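Each residue of the sequence shown is one higher than the one before, counting from 258 in the working numbering. Take a look at the structure set out below.
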Amino acid sequence: MVSERITIGALARRSGVPVKTLRFYSDEGLLPPAGRTSSGYRVYAEDAAVRLDLIRTLREAGLGIAAIKAIFARDMTLAEALRLRLRAIETHIVSLQHVAAALRAALRSEPTEADIRRLCTVTRLTTEERKAVIERFYERVSEGVPIDDGWKRQMMAASTPKLPDEPSPEQLDAWIELAEIVQNEEFIAKMRAAAAETWNGGFDVAAHQRASQEANAAARALIDRGVAPTDDAAREVVERMITGLAAAQGKTADAEFRRTWHEQSQNHDPRASRYWELVAILKGEPPRGGQSEEWYWLNAAVGHHLAPR
Numbered sequence: 258m259v260s261e262r263i264t265i266g267a268l269a270r271r272s273g274v275p276v277k278t279l280r281f282y283s284d285e286g287l288l289p290p291a292g293r294t295s296s297g298y299r300v301y302a303e304d305a306a307v308r309l310d311l312i313r314t315l316r317e318a319g320l321g322i323a324a325i326k327a328i329f330a331r332d333m334t335l336a337e338a339l340r341l342r343l344r345a346i347e348t349h350i351v352s353l354q355h356v357a358a359a360l361r362a363a364l365r366s367e368p369t370e371a372d373i374r375r376l377c378t379v380t381r382l383t384t385e386e387r388k389a390v391i392e393r394f395y396e397r398v399s400e401g402v403p404i405d406d407g408w409k410r411q412m413m414a415a416s417t418p419k420l421p422d423e424p425s426p427e428q429l430d431a432w433i434e435l436a437e438i439v440q441n442e443e444f445i446a447k448m449r450a451a452a453a454e455t456w457n458g459g460f461d462v463a464a465h466q467r468a469s470q471e472a473n474a475a476a477r478a479l480i481d482r483g484v485a486p487t488d489d490a491a492r493e494v495v496e497r498m499i500t501g502l503a504a505a506q507g508k509t510a511d512a513e514f515r516r517t518w519h520e521q522s523q524n525h526d527p528r529a530s531r532y533w534e535l536v537a538i539l540k541g542e543p544p545r546g547g548q549s550e551e552w553y554w555l556n557a558a559v560g561h562h563l564a565p566r
């Protein structure tokens, strides 16, 4: 027994879907006709109405033609397609929440230029795009430098901003400032030069961390005792730190290494400290105030005890 065939016009009347749309679905392979009449008109099987209902449901859920094709071709399960759509919707909701937060901030009083700037920022970039800005910064800093991939990924993960659903004006401003810092050509060049000096092919990350941690602990103990960075006791801390850092880079703590470290201590770019302060604000953590007290003490000690005589 041959199943009943219905014309495209009859299917349009039954489903409420325009003939033009049905032709489009047919041409895209979503709703293949069962055949054609002698006059060339498309005819469909009775179950075409069921398939059309599924197409309409998926389209209303926001799935594109390509995704629906993949489902029908069994290249993707219905559950996989719906999960993808759900993630897209959730991402869009978060984006709208960010815009709403910026609007609320702007409406606290008469909107200012800063409020408009926040609005432009949150509407221009998605979470993934903000992540890409940070990743691009690290990629540019590491161009031509043999930086360990694992360390680089760790740094990206630690500093990638994820704005909360309801970001504060301070957090929106922090992202604006952070984005400006990591896209500044002069800053990128300085960070690349510093990376090249450190990652010379023989850099031992663990040894570097140990030397830094030991120096910070020693500095903390002397700070608590009220010892100044210019004191002789500070010289001993500097000597141990420089020896450990040189070994971590596969070098010796010779005059050249000491000269380089002295120059770096005196020419520190404050934007490098501000970077991590802004990351803390974006994460909702207490502002770090830039570098730690131990860092400033050690920097002053290096500046004093390694100064050319």
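C-beta: ideal position from N, C-alpha, C; glycine also. Treat the numbers as computed from the prediction; the structure is a model and nothing was measured.
Judged by DSSP in its simplified three-state form, R482 adopts coil rather than helix or strand. With the rule of 3 Cβ pairs closer than 8 Å, the region 323 to 340 does not count as touching the region 292 to 304. If only complete runs of 4 or more residues are kept, the region 535 to 564 shows the alpha helix (DSSP H) at 550 to 562, in order along the chain.
Residue I499 holds the alpha-carbon nearest to the alpha-carbon of T517 among A505, I499, E550 and I538. For Y301, the enclosing beta strand (DSSP E) begins and ends at R299 to A302. The DSSP-derived three-state label of G286 is coil. Following the DSSP letters along the chain, one finds R515 inside the alpha helix (DSSP H) bounded by residues A512 to Q523. Boundaries of the alpha helix (DSSP H) around R308: A305 to E317.
Between V462 and F394, the C-beta gap is not smaller than 7 Å, which leaves the two residues out of contact. Within a 10 Å sphere around the beta-carbon of R270 sit fewer than 16 other beta-carbons, which makes this residue exposed.
Shown here for G507: same chain residues with a beta carbon closer than 8 Å to its own, the five before and five after excluded, namely N457, G458, G459, F460 and D461 in chain order. Shown here, T369 sits in coil according to DSSP, grouped into three states, outside any helix or strand.
Contact holds between the region 521 to 541 and the region 431 to 438, because three or more Cβ pairs, one in each stretch, are under 8 Å apart. The continuous beta strand (DSSP E) containing R262 extends over residues R262 to T264.
Your pair R497 and E471 checks out as a contact, with CB atoms roughly 7 Å apart and the cut at 8 Å. In the DSSP assignment, G292 forms a beta bridge with V300.
The C-beta distance from S416 to I391 rounds to 6 Å, short enough to fall under 8 Å. In the DSSP annotation of this structure, the continuous segment of the alpha helix (DSSP H) that includes V495 starts and ends at D489 to A505. Looking at the backbone, the Cα of R410 and that of P421 are separated by about 22 Å.
DSSP places L268 in the helix class (H, G or I) of the three-state scheme. Judged by pairs of C-beta atoms under 8 Å, the region 471 to 485 does not touch the region 512 to 531, as fewer than three such pairs exist. Note on geometry: alpha-carbon atoms of L502 and E542 lie some 30 Å from one another. Contact between L268 and A305 holds, with the beta-carbon distance rounding to 6 Å and staying under 8 Å. The residue among L563, A529 and S399 with its C-alpha nearest the C-alpha of S549 is A529. Within the model, the alpha-carbon separation for W554 versus P486 is close to 6 Å. Looking at the backbone, the Cα of A490 and that of V484 are separated by about 8 Å. For F460, the secondary structure class from DSSP, reduced to helix, strand or coil, is coil. CA-CA distance, P527 to E534, rounds to 11 Å. When DSSP states are grouped into helix, strand and coil, S530 belongs to the helix group.
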